[in-house]
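According to numbering that gives the first Met the number 0, the sequence shown is numbered sequentially starting from 0.
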Amino acid sequence: MKAERLDLRHAVNAISDVIQNRPMPLREFDQIYMKAGDMVMQSEYIARRFDGKDLLFVGDGDAISLCIAYLRQRKVFSYGPKRIQLVDFDERIVHAVERFADKEGLSDVITARLYNCIDAFPDDLMGQFDAFYTNPPWGASNDGESVKVFAERGIEGLRGDGEGVIVIADDPKLDWARRVLKATQAFTADMGFFVQEMQSQVHLYHLDDAPELRSCNLFIRSEPGRAPVAKSYQLHGARLENFYGREQKLHVRYVREKGRVDYGKAPSETYEIEYLEKN
Numbered sequence: 000m001k002a003e004r005l006d007l008r009h010a011v012n013a014i015s016d017v018i019q020n021r022p023m024p025l026r027e028f029d030q031i032y033m034k035a036g037d038m039v040m041q042s043e044y045i046a047r048r049f050d051g052k053d054l055l056f057v058g059d060g061d062a063i064s065l066c067i068a069y070l071r072q073r074k075v076f077s078y079g080p081k082r083i084q085l086v087d088f089d090e091r092i093v094h095a096v097e098r099f100a101d102k103e104g105l106s107d108v109i110t111a112r113l114y115n116c117i118d119a120f121p122d123d124l125m126g127q128f129d130a131f132y133t134n135p136p137w138g139a140s141n142d143g144e145s146v147k148v149f150a151e152r153g154i155e156g157l158r159g160d161g162e163g164v165i166v167i168a169d170d171p172k173l174d175w176a177r178r179v180l181k182a183t184q185a186f187t188a189d190m191g192f193f194v195q196e197m198q199s200q201v202h203l204y205h206l207d208d209a210p211e212l213r214s215c216n217l218f219i220r221s222e223p224g225r226a227p228v229a230k231s232y233q234l235h236g237a238r239l240e241n242f243y244g245r246e247q248k249l250h251v252r253y254v255r256e257k258g259r260v261d262y263g264k265a266p267s268e269t270y271e272i273e274y275l276e277k278n
C-alpha cells in the first residue's frame with residue numbers, strides 16, 4: 000500500500016493528545032518512551048503495514064497502539080488495523096488506553112487488558128491475531144532473553160499464517176545490541192519465522208544516559224504451513240534473571256494504578272502555591 004501524504008501539523012497535534020494521556024515512564028522496568036516525531040512516522044507505517052488486520056500489542060508504553068487508532072479516526076491517514084488488542088502489566092497504561100478510547104469513541108477498535116509475560120498467554124487470545132507488535136526490554140543484560148519472551152508471547156497470539164514486528168536496539172558500535180539482534184533472529188527462526196525486512200536505526204528515545212541510541216523495526220513472517228502455537232507456559236528459572244537490567248530479576252506481577260491521574264495536569268505534590276501578601 001502506498002503511503003498517504005501527511006499533514007504534519009495535524010499529525011503532531013494528534014500525537015500530542017496521546018502523549019498527554021500517557022503515564023510517566025518507570026525506568027526500572029525499561030519504560031523509555033519514543034520521541035514524538037518518530038512516533039508519528041512509526042504509527043503511520045505500522046498502520047499501513049497492518050491495514051485491515053487484527054493486531055496484537057505485547058506491551059506498549061510508547062502508546063503506538065493508541066496513536067494508530069486515534070490518528071486514523073482523526074483522518075491523519077485512512078488505513079489501519081481492523082482491531083487492536085493491547086496487553087500490558089502496567090495498569091496505568093491499560094486504564095489510560097481505556098479512558099482515552101472511551102472518550103474518543105475508539106473502544107470498538109482498541110481494547111486493553113492487564114497481563115504479564117511471566118504468565119502463560121491467555122487462552123482466549125491464543126491464535127487470534129494476524130500480526131503482533133512489541134517494543135520489549137532490549138536485553139542488554141540477559142543476552143536478549145527479555146526480547147525473546149515478548150516475541151514468544153506475540154507469536155503465541157498469531158494465527159498460523161502470521162507476521163510481527165520487534166522493535167529493538169540497533170547500534171553497530173554496541174556489541175550487546177548486535178548480539179541481541181542475532182539472538183532474536185535465531186530465536187524467531189526456531190519458532191518458524193524468517194526475517195522479512197529490517198528498518199535500521201529509525202527511532203530515538205528520551206534516554207538520558209544514551210540519547211543517541213536508536214532502535215530498528217525487525218519484521219518477521221511465518222514459514223508456509225506453520226501451525227498456531229497450541230499451548231503457552233509460565234516463565235521460570237533463568238529466563239527471569241536480569242529481565243529489566245543487570246540484577247533486576249522479573250519479580251513484579253503488575254504495576255497498579257493508585258488513583259486516577261489527569262496526565263495533562265501537574266500532580267499537586269510537584270508544586271506549591273505562594274500567594275500575594277494582602278495589603
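Each residue gets a CB set at the ideal place from its N, CA and C atoms; glycine is no exception.
Give me, in chain order, the residues of the same chain whose beta-carbon lies closer than 8 Å to that of residue i; leave out the 5 immediate sequence neighbours on both sides.
| i | result |
| --- | --- |
| Q200 | D169, D170, R213, S214 and C215 |
| A46 | I67, L70, R71, F76, Y78, G79 and P80 |
| V179 | W137, G138, A139, D142, G143, V146, I167 and A168 |
Could you pull the DSSP bridge partners for residue i from this structure?
| i | result |
| --- | --- |
| G104 | None; G104 has no bridge partner. |
| I63 | BP columns for I63 are empty, so no partner. |
| F128 | L157 |
| E162 | A130 and R220 |
| L206 | Its beta-bridge partners do not exist; DSSP assigns none. |
| I272 | Its beta-bridge partners do not exist; DSSP assigns none. |
| I167 | C215 |
| V254 | D89 |
I'd like the list of long-range same chain contacts for residue i, defined as Cβ closer than 7 Å, with 5 residues on each side in sequence excluded.
| i | result |
| --- | --- |
| S42 | I63, C66, I67 and L70 |
| G191 | S221, E222 and R225 |
| E90 | L113, Y253, V254, R255 and E256 |
Is the beta carbon of residue j closer than 7 Å to that of residue i?
| i | j | result |
| --- | --- | --- |
| E162 | A130 | yes |
| D148 | Y114 | According to the sequence provided, residue 148 is Val. The question's Asp does not apply to it. For V148 and Y114, no; Cβs fall outside 7 Å. |
| F128 | L217 | no |
| G153 | V57 | yes |
| S231 | F120 | yes |
| G156 | P227 | no |
| I165 | A176 | no |
| T187 | I167 | no |
| M0 | D50 | yes |
| I117 | L206 | no |
So is residue i buried or exposed if we call it buried at 16+ other beta carbons inside 10 Å?
| i | result |
| --- | --- |
| R26 | exposed |
| R4 | exposed |
| L7 | exposed |
| H202 | buried |
| F275 | It is worth fixing the name first, because residue 275 is Leu in this sequence and not Phe. L275 should be labelled exposed. |
| I14 | buried |
| A10 | buried |
The beta strand (DSSP E) with residue i in it runs from where to where?
| i | result |
| --- | --- |
| S221 | S214 to S221 |
| E196 | F192 to H202 |
| V86 | R82 to D87 |
| V57 | D53 to V57 |
Using a Cβ-Cβ cut-off of 6 Å (strictly less than) and excluding sequence neighbours within five positions of residue i, which residues of its own chain qualify?
| i | result |
| --- | --- |
| Y204 | I31 and M33 |
Can you tell me where the alpha helix (DSSP H) holding residue i begins and where it ends?
| i | result |
| --- | --- |
| I109 | Here I109 belongs to no alpha helix (DSSP H); instead the beta strand (DSSP E) covers I109 to L113. |
| L5 | First-last for L5: undefined, no H or E at that position. |
| W175 | D174 to D189 |
| M38 | A35 to R48 |
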